[in-house]
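Numbering (the numbering used here), first residue to last: 0 to 371.
Following this line, the structure appears as structure tokens:
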């Protein structure tokens, strides 16, 4: 990426050397996407086989197979939504691969002779295949994670609705709500265990996506403010900025929905806890209340505490509040860098203007001396 010799670039299959000063505006986002794709693929290859229930179409039904209230879940709508999303993902992947492949072919055709172009075609094929691989991993892992979050948040939402309906119903005879409360307690606990198991797999995915997509988004936004490039790279930069923004938004909001729904039944539970309950159910209700108002339930960003024995290494659980704090922190640092760059650019422009004035003055003095 940092090699300046064009012959060496072409030997390594890098055709961006023909774009001269614009090449870094393309290569840096490509580097972030390549790094994220490689890390994501490694995570899936190493860990996915241990979590068979994460397979999207299987999980829609398998996650609900142990529940006595299966009829309340609309699995058909989930499957239809997933199929539609997969079709859209295919279109996006094919469009991005086709456009980048066409850009490579046009660049090679305009800057090479026929024999060199034919020899370079295998490199173009490899580059295009790599773009297909990167875009496919980005789009389908986002859909994959969103589907899992959708299923879990819907299950939490259904439990919350049942708890609220139970709290708002007539008190009835003593002990008439005990069985329903026990069922809801164990079901909420079962979903929390699924979230914990799912988090063991997805926490690394979330962390490395943040580490790759946030810098990529900031780099694209910085270039849109301060860089000068042609129309084609402007389209590429806008595309990168919008895609990383949407990707981070989908990942973060999907995870935050799970946490919000998991903690939503607290008010209704507090109302039900005031009922006269058997001692064992009263203990369960106390545990239930502590769970929904205690440590945050949801997806974390690289929770290494249980792995290496240090709980302080849990960066944060993704909630609406943590998303807002992260956006505020990133925006603050970006504005600091942008302000520094603007002041530096102004100082450089003033220095160049002064040097140009001195050069013009020296030239005029030299001309006047020659005339005398």
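Just so it is clear, CB atoms sit at the ideal spot from N, CA and C, and this is done for glycine as well.
Values in this document were obtained by computation on a predicted structure and should not be read as measured data.
Exercise for the section: May I ask you to report which of helix, strand or coil DSSP gives residue 263? Expected result: coil
Exercise for the section: Could you tell me if residue 279 is buried or exposed, where buried requires 16 or more neighbouring beta carbons within 10 angstroms of its beta carbon? Expected result: exposed
Handout entry: Secondary structure of residue 168, DSSP reduced to three states
Key = coil
Exercise for the section: In angstroms with no decimal places, state the Cα-to-Cα distance between residue 176 and residue 283. Expected result: 14 Å
Practice task
Quick one: which unbroken alpha helix (DSSP H) runs of 4-plus residues sit fully inside the stretch 88-121? Chain order, please.
Solution key: none
Handout entry: C-alpha gap between residue 329 and residue 262, whole angstroms
Key = Approximately 27 Å between the Cα atoms of the pair.
Practice task
Could you please give the first and the last residue of the uninterrupted alpha helix (DSSP H) stretch that includes residue 207?
Solution key: Counting along the chain, residue 207 sits inside the alpha helix (DSSP H) bounded by residues 177-225.
Handout entry: Nearest to residue 338 (by Cα), restricted to the options 112, 189, 199, 224
Key = 224
Practice task
Determine the burial state of residue 289: buried for a count of at least 16 other Cβ atoms within 10 Å of its Cβ, exposed for fewer.
Solution key: The Cβ neighbour count for residue 289, taken over all protein chains shown within 10 Å, is under 16; the residue is labelled exposed.
Handout entry: CA-to-CA distance, residue 137 to residue 296, given in whole angstroms
Key = 26 Å
Exercise for the section: Just grab the DSSP bridge partners of residue 299 for me. Expected result: DSSP, once it has assigned bridges, lists 316 as partnering residue 299.
Exercise for the section: Compute every distance between the C-beta of residue 43 and the non-hydrogen atoms of the ligand COA, then say whether any falls below 8 Å. Expected result: The ligand COA is not part of this structure, which contains no ligands at all.
Exercise for the section: Can you tell me the Cβ-Cβ gap for residue 155 and residue 260, rounded? I've got them flagged as a contact below 8 Å. Expected result: 4 Å
Handout entry: Same chain, Cβ closer than 7 Å to residue 306, neighbours up to 5 away in sequence not counted
Key = Summary for residue 306: the model assigns pLDDT 44, below 50, so the residue's position carries little reliability, and this model does not support an answer.
Practice task
Compute the Euclidean distance between the alpha carbons of residue 320 and residue 256, then round it to the nearest angstrom.
Solution key: 12 Å
Practice task
Helix, strand or coil for residue 230, going by three-state DSSP, please let me know.
Solution key: It is helical.
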